[in-house]
Amino acid sequence: MPLSRHTVANEYSLGGRDLYKRADQHDPEAVLDGVATAGLVGLLRQLGDLAEFAAEVFHGLYDEVMTASARGHGLVLRVQQLEAELPLLEKDVCQRDYLYIASNRGVDWHANLRVDHGVVTTGDTPRFIMDSIKQCHGPPRLFMLDKYDEFLSFVNWRW
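Throughout, the working numbering is defined as the position within the sequence shown, counted from one, plus 85.
As structure tokens, this is what we get:
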């Protein structure tokens with residue numbers, strides 16, 4: 086079932102009945118002119134209402150386009166930054182001695198790493214996406230299952 090955001094009233098109800106009720110009821114031409122005038126006034130009011138609604142719709146559309154454009158521009162800047170950093174990473178990866186990579190302090194891994202912003206985008210992620218990211222939990226703590234493992238607890242008991 087579609088939801089209506091805007092309803093348009095009948096042009097004769099917008100025009101007002103007093104425009105053709107004041108006319109002489111015995112003169113059909115005057116009644117017809119009054120009804121035509123009421124219809125024209127109602128039609129003009131309909132056009133005004135629709136113009137206001139169209140302005141509201143296009144204003145919202147403009148805001149969405151500008152937001153998407155800003156996010157696209159941010160992505161382009163981030164991609165350029167990643168492309169500038171990529172040769173440095175390629176140099177490290179292409180080395181024959183991988184002990185250098187293991188001893189590099191920049192590759193420390195943390196199990197409870199909290200990322201407050203996106204890796205590619207800088208923070209203009211929509212709120213509904215950030216909410217779903219914040220609801221995610223960290224990696225499972227599998228070491229907590231060891232105390233429930235019967236075989237492992239038996240082995241620990243023997244030692």
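Yeah, the Cβ is synthetic: ideal placement off N, Cα and C, and Gly gets one too.
Quantities reported herein were computed from a predicted structural model and do not represent experimental measurements.
Within 10 angstroms of its Cβ, does Gly-119 collect 16 or more other Cβ (buried), or is it exposed? For the purposes of this step, residue 119 is taken as the residue at position 34 of the sequence shown. The residue in question, Gly-119, is buried, as its Cβ has 16 or more Cβ neighbours within 10 Å.
Look at the alpha carbon of Arg-243 and the alpha carbon of Val-164, and state the distance between them as a whole number of angstroms. For the purposes of this step, residue 243 is taken as the residue at position 158 of the sequence shown. For the purposes of this step, residue 164 is taken as the residue at position 79 of the sequence shown. Note that Arg-243 has pLDDT 46, beneath the 50 cutoff, so the model's placement of it is unreliable and no number is given.
Can you tell me whether Gln-220 is helix, strand or coil according to DSSP? Your numbering for residue 220 matches position 135 in the sequence shown. Note: Gln-220 maps to helix in three-state DSSP.
Under the three-state reduction of DSSP, which class applies to Arg-226: helix, strand or coil? For the purposes of this step, residue 226 is taken as the residue at position 141 of the sequence shown. If DSSP states are grouped into helix, strand and coil, Arg-226 belongs with coil.
When we look at the beta-carbon of Ala-123 and count the other beta-carbons within 10 Å, is it buried (16 or more) or exposed? Residue 123 sits at position 38 when you count from the first residue of the sequence shown. Answer is buried; the Cβ neighbour count reaches 16.
Less than 8 Å between C-beta atoms, sequence neighbours within five positions excluded: which residues of the same chain meet that for Pro-172? Here residue 172 refers to the residue found at position 87 of the sequence shown. No residues qualify anywhere along the chain.
CA nearest to the CA of Arg-212, picked from Leu-162, Gln-166, Thr-152, Ala-169: Here residue 212 is taken as the residue at index 127 of the sequence shown, counted from 1. It is Thr-152.
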